[in-house]
Amino acid sequence: MWRSTWRSCGTATRDSAAFNKAYSEPAKLSSYAPIDRSPQSPSGSTSSRYQEDINLGDPPRSYYTHQPPAQRFLRRAHALLSPKVLLSGRGITVGGVLGSVVLLWIILNLSGTSSKTVIPPSKRPAGYNDKAYQLLYYPEHPNTCRFQEPGAGLTKDELEVYQSLQAALSSPHKKPHSRWQGGIKLDLPTSPAVLEHEGEVSERSHLGYKFGLDGNIHPIFSLLAWGEEKFAGMVQRRSESLEEAVSEYKKRYGRNPPRGFDKWWDYATKNNVLLPDEYDSIEDSLAPFRAFTRRDLLSRLEEAKSVRDTVILRHRRGTGTSAVYTAGLSENDYWTNRRSDGQLLLIPEEVRRVLPDFDIVFGLKDEPQVLSDWETKAKLYDLSAHNEKLPENSPLPYASSRLLFPNSCSPSTPLRQGLPEEPSHLAFISPESHRRAQDPCLHPYIADNHGFLIDEKGEWTNPVVRFGGKLLPLLCLSKVEGMTDLGGIPFEEEGFDLVSKDKTPWSSKDEKLYWRGQCTGLFKSKGHGHRWRQSHRARLHKMVNDPSTLKTVPVLLTNADSGEAKTEVFSPTQIREWGYDISLSGKAVQCDQEDGTCADMDQVFKFAPLDSQEKANNHKYLFDIDGNAWTSRFRRLMMSNSLVFKSTIFPEWNTDILPEWFAYVPIKMDYTDTPSVLAFFRGSPPEKGSGSSWPSFSAEKGLRDEVAKRMADNGRCWVERTWRKEDMVVYMYRFYLEWARLVHEDRGDLEMAD
């Protein structure tokens with residue numbers, strides 16, 4: 001079916017062996033990218049409309065019914081360039097006109113002046129409209145960076161596969177927004193060696209997917225196409241007017257926007273916000289609190305004001321916003337001032353003048369702090385979804401101070417049921433599954449391999465000792481899936497700079513994956529036994545630097561000719577010497593000196609010296625992993641002109657608009673996908689492991705180096721266009737409008753009129 005479709009689009013003359021093989025086996029390809037059956041083609045037949053959908057820029061069929069274009073061009077050029085024509089009066093006139101045009105083009109380009117770019121339909125991938133494609137790749141504003149198409153860095157044969165995947169992912173119709181899932185649902189292949197039935201998806205395989213092996217196209221081709229389509233889809237759906245924004249708000253949340261939404265929209269459009277509809281994380285944070293009456297919510301707010309290590313942000317229209325320190329905090333403390341001042345800077349004077357009055361409690365700690373049992377959350381979410389309120393003084397199944405994280409999970413989830421999970425080496429995180437891949441309830445292995453969840457009995461990172469499971473409104477710097485903190489934005493203006501300071505050319509950068517960091521993540525003591533060795537940073541160091549940790553390392557490689565995938569086995573030493581420059585740095589920190597844990601850490605780890613940012617930026621690939629909570633370096637790394645690999649369990653304020661596989665690479669918390677991803681960009685490690693008999697693997701440097709470079713450029717551009725101070729102000733502006741409506745005496749009075 002695929003083959004006949006491509007013939008109908010005028011591409012039957014392509015004679016690449018790899019291309020023909022890829023499309024002569026529709027079962028394999030369609031399992032990666034099943035074709036979206038449009039309403040014009042309900043039965044799967046190839047209608048003329050559907051042919052247009054998958055036409056990737058080829059000329060119309062009539063083009064092939066006449067003389068070949070190359071032959072026509074040569075014939076005409078030969079006639080025009082003949083001495084007889086050139087020396088004639090007509091030739092001199094034509095030459096003068098052409099020379100003038102060329103000179104004018106040079107002057108315009110040197111002066112930086114450009115007219116509005118018109119994108120010919122033949123240059124757009126399937127599924128794009130003019131507006132989306134122009135916003136991404138040809139922005140009109142002269143100071144706006146342009147994104148790069150990752151697929152343009154592939155070889156000719158690989159690009160054909162990539163474009164076919166784009167066509168399968170695209171639809172000529174506007175896709176309905178799915179609040180909880182987002183993006184496009186695509187059934188991807190599973191490994192028959194692990195699962196029993198073709199098409200079966202493991203609910204506990206990181207909600208990425210497991211992939212088939214020999215003879216299939218490498219799955220990262222699908223992920224690259226999917227990542228670009230997902231991000232472009234958000235741009236394509238974006239509202240262009242206040243009327244569209246209000247309509248989209250009602251469609252998503254089933255109510256009118258808050259009063260002041262029109263002024264918020266004006267502020268957002270004035271500051272060129274790229275994605276002005278994507279604020280579902282605000283709704284998700286506030287949803288359980290919508291089920292409380294105002295009186296009950298204010299009671300909980302007063303209780304939250306007594307929590308230590310917090311600041312009360314108090315806004316009064318006319319007098320501005322101030323920070324009121326809670327008991328135990330000093331106004332002279334550097335970190336207290338730095339973090340509280342950052343929150344005040346996110347409410348500039350122009351916004352303060354129009355915001356309604358409100359108080360909110362802001363937590364200064366790195367970690368999320370509010371944990372509630374699943375039964376309570378389920379009841380509140382259900383009431384909120386039906387726009388109902390919990391009667392005052394109604395009992396809720398609050399847990400005791402013995403509440404542990406599994407109690408926050410649904411009874412049907414693996415962690416709550418105590419089911420073990422064996423992470424598969426053969427899986428990647430897909431663009432649609434990134435949020436769910438961070439959820440410890442769905443992936444029990446995270447609970448045993450991340451410091452935040454290992455430390456269940458200590459107060460260093462464990463929130464439940466303090467609140468006993470009671471749901472309090474607390475604005476925090478980071479969240480974990482399943483916890484009920486209000487998601488804020490960590491902002492410290494010091495060092496906040498949009499200009500990338502990295503001047504190292506891409507071609508001069510080291511090709512190893514680089515990371516340095518201190519051994520943070522939990523407080524380590526004998527009370528944990530040896531569990532602290534399983535924390536996320538300690539594990540990464542040992543996996544790379546201790547050969548005894550792993551016996552072998554399976555790596556999914558790519559045939560350089562056809563793009564097919566095959567697994568090869570390497571030793572940990574081979575992988576480290578080829579691909580990694582990773583180490584803990586500094587000295588033992590966050591450990592008990594008295595019980596000898598710090599001394600144990602000095603023996604277990606060989607700490608590297610602390611490195612400068614400049615040294616890190618000299619690498620093409622940079623790793624970002626959690627510390628005590630989110631890492632503040634992510635934004636800086638994305639600005640470094642290097643490709644960022646990120647592994648985290650902490651969704652941030654902008655996680656929903658993160659362009660996975662378009663501007664960075666999401667990595668599983670067990671890190672087992674890391675060498676396969678690195679090999680996709682760099683080529684096969686040297687000295688392949690035993691049993692290697694598959695030919696045509698390329699070990700040359702930079703097998704897909706241009707793809708990695710384009711993704712690195714996209715990371716920098718994504719920050720410049722979605723992670724400016726203005727973007728954070730717009731986010732918090734909208735959050736405070738929603739919060740003010742909840743705590744106002746008459747919530748309906750702070751609702752935007754129809």
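Read in UniProt numbering, the sequence shown has 96 at position 96, and its numbers run on one by one without any break.
The beta-carbon is built from N, C-alpha and C at its ideal position, and this holds for glycine as well.
Express the C-alpha separation of residue j and residue i in angstroms, rounding to a whole number.
{"i": "Asp-439", "j": "Arg-576", "result": "29 angstroms"}
{"i": "residue 761", "j": "Ala-629", "result": "This structure cannot speak to residue 761, because the chain is shown only from 1 to 754."}
{"i": "Ser-281", "j": "Gln-574", "result": "42 angstroms"}
{"i": "Pro-490", "j": "Phe-650", "result": "13 angstroms"}
{"i": "residue 755", "j": "Ala-132", "result": "Examination of residue 755 is not possible in this model, given that the chain is present from 1 through 754 alone."}
{"i": "residue 770", "j": "Ser-676", "result": "This structure gives no information on residue 770, because the portion of the chain shown stretches from 1 to 754."}
{"i": "Asp-296", "j": "Asp-626", "result": "35 angstroms"}
{"i": "Tyr-253", "j": "Val-246", "result": "11 angstroms"}
{"i": "Arg-682", "j": "Lys-512", "result": "9 angstroms"}
{"i": "Glu-660", "j": "His-218", "result": "17 angstroms"}
{"i": "Gly-451", "j": "Asp-262", "result": "43 angstroms"}
{"i": "Gly-579", "j": "Asn-545", "result": "12 angstroms"}
{"i": "Val-499", "j": "Thr-552", "result": "42 angstroms"}
{"i": "Met-732", "j": "Ser-222", "result": "35 angstroms"}
{"i": "Asp-277", "j": "Thr-269", "result": "11 angstroms"}
{"i": "Met-483", "j": "Phe-680", "result": "36 angstroms"}
{"i": "Trp-264", "j": "Arg-724", "result": "17 angstroms"}
{"i": "Leu-737", "j": "Arg-259", "result": "7 angstroms"}
{"i": "residue 763", "j": "Gly-233", "result": "The structure shown does not extend to residue 763, since the chain is modelled only from 1 through 754, so no value can be given for it."}
{"i": "Val-480", "j": "Pro-368", "result": "7 angstroms"}
{"i": "Tyr-162", "j": "Gly-318", "result": "56 angstroms"}
Please state the DSSP three-state secondary structure of residue i.
{"i": "Ser-164", "result": "helix"}
{"i": "Asn-256", "result": "coil"}
{"i": "Lys-210", "result": "Caution applies to Lys-210, whose pLDDT of 39 falls short of 50 and renders its modelled position unreliable; the model cannot decide the point."}
{"i": "Trp-515", "result": "strand"}
{"i": "residue 795", "result": "Only positions 1 to 754 of the chain appear in this structure, which leaves residue 795 out of reach."}
{"i": "Glu-158", "result": "helix"}
{"i": "Thr-631", "result": "coil"}
{"i": "Pro-288", "result": "helix"}
{"i": "Pro-666", "result": "strand"}
{"i": "Lys-709", "result": "helix"}
{"i": "Ile-312", "result": "strand"}
{"i": "Cys-441", "result": "coil"}
{"i": "Ala-268", "result": "helix"}
{"i": "Phe-623", "result": "strand"}
{"i": "Thr-648", "result": "coil"}
{"i": "Asp-277", "result": "coil"}
{"i": "Val-604", "result": "helix"}
{"i": "Thr-336", "result": "helix"}
{"i": "Cys-476", "result": "strand"}
{"i": "Leu-610", "result": "coil"}
{"i": "Gly-487", "result": "strand"}
{"i": "residue 795", "result": "Within the shown structure, residues of the chain are numbered from 1 to 754, placing residue 795 beyond reach of any answer."}
{"i": "Phe-428", "result": "strand"}
Run through the DSSP bridge pairs and tell me what residue i is partnered with.
{"i": "Leu-556", "result": "Thr-567"}
{"i": "Val-361", "result": "Ile-312"}
{"i": "residue 758", "result": "The question about residue 758 has no answer, for the chain in this structure spans 1 to 754."}
{"i": "Leu-371", "result": "Answer is none; Leu-371 lacks a bridge partner."}
{"i": "Ile-217", "result": "Glu-564"}
{"i": "Ala-385", "result": "According to DSSP, which records beta bridges pairwise, Ala-385 is partnered with nothing at all."}
{"i": "Ile-582", "result": "Trp-515"}
{"i": "Thr-326", "result": "None; Thr-326 has no bridge partner."}
Whose C-beta lies closer than 7 angstroms to the C-beta of residue i among residues of the same chain, with five residues either side of it excluded?
{"i": "Val-729", "result": "Leu-346, Pro-348, Val-351"}
{"i": "Leu-415", "result": "Pro-406, Cys-409, Pro-440, Cys-441, Pro-444, Ala-447"}
{"i": "Asn-617", "result": "Asp-502, Thr-504, Ser-640, Ser-642"}
{"i": "Ile-657", "result": "Met-234, Leu-275, Glu-278, Thr-722"}
{"i": "Arg-734", "result": "Trp-264, Tyr-279, Ile-282"}
{"i": "Thr-413", "result": "Cys-441, Leu-442"}
Give me, in chain order, the residues of the same chain whose beta-carbon lies closer than 6 angstroms to that of residue i; leave out the 5 immediate sequence neighbours on both sides.
{"i": "Gly-153", "result": "Glu-706, Val-707, Arg-710"}
{"i": "Cys-145", "result": "Cys-717, Glu-720"}
{"i": "Val-665", "result": "Phe-645, Val-677"}
Return the chain-ordered list of same chain residues with a C-beta closer than 8 angstroms to the C-beta of residue i, the five sequence neighbours on each side being excluded.
{"i": "Val-743", "result": "Arg-294, Leu-297, Leu-298, Leu-301, Phe-358, Asp-359"}
{"i": "Thr-549", "result": "Lys-542, Met-543, Pro-572"}
{"i": "Asp-611", "result": "Arg-516, Ser-585"}
Notebook entry, point to check: Taking contact to mean at least 3 C-beta pairs separated by less than 8 angstroms, is the stretch 585-593 in contact with the stretch 516-536?
Noted result: Three or more Cβ pairs drawn from the stretch 585-593 and the stretch 516-536 lie within less than 8 angstroms of each other, which places the two stretches in contact.
Next item on the list: Would you check if there are 3 or more beta carbon pairs closer than 8 angstroms linking the stretch 304-317 to the stretch 360-368?
Entry: yes
Check: For the 8 angstroms Cβ check, are there 3 or more pairs between the stretch 384-396 and the stretch 282-292?
Finding: yes
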